[in-house]
Amino acid sequence: MKNFTRNALSSLIALSAFAGNHAAAADVSYNIGFASEYYFRGILQKESSASAGVDIESNGFYAGAWTADVGDGLEVDLYGGYGFETESGLTGSIGFTGYYYTGDFDDTYE
Numbered sequence: 143m144k145n146f147t148r149n150a151l152s153s154l155i156a157l158s159a160f161a162g163n164h165a166a167a168a169d170v171s172y173n174i175g176f177a178s179e180y181y182f183r184g185i186l187q188k189e190s191s192a193s194a195g196v197d198i199e200s201n202g203f204y205a206g207a208w209t210a211d212v213g214d215g216l217e218v219d220l221y222g223g224y225g226f227e228t229e230s231g232l233t234g235s236i237g238f239t240g241y242y243y244t245g246d247f248d249d250t251y252e
């Protein structure tokens, strides 16, 4: 899992670098947070958890990464896709989300 952690963090850094270099053409947002109790799909992940993420959007395409402390490791969510809106106001999107866990955290929640 050390390689995964390194790759996930490298991806987050690369996404941030891309966002910084193309800020004029893309919308970039960052977020940080703290939860006193972090639940995912009804299962307590950790009593208190810090989180951070970065998102980038350009011409309907979007990508992002989000991570949270889950005690014995990290939850790393990677996502991306494409969204659109027609002239009549109809909207749609297609995308993906991957949930990954590092360390000794139980990875059966993927």
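Per my numbering: the sequence shown = residues 143 to 252. The C-beta atom is built at its ideal place from N, Cα and C for all residues, glycine as well.
Judged by DSSP in its simplified three-state form, L232 adopts coil rather than helix or strand. If you look at N201, you'll find it isn't in any beta strand (DSSP E); DSSP assigns it neither H nor E. Annotation: the continuous beta strand (DSSP E) that includes E217 extends over 216-227. Burial is judged here by how many other beta carbons sit within 10 angstroms of a residue's own beta carbon; S191 has at least 16 and is buried. At least 8 Å separates the beta-carbon of G222 from that of Y243. The shortest C-alpha to C-alpha distance from V170 to any of G184, D197, S178, E179 is the one to D197. Annotated three-state conformation of T244 is coil, per DSSP.
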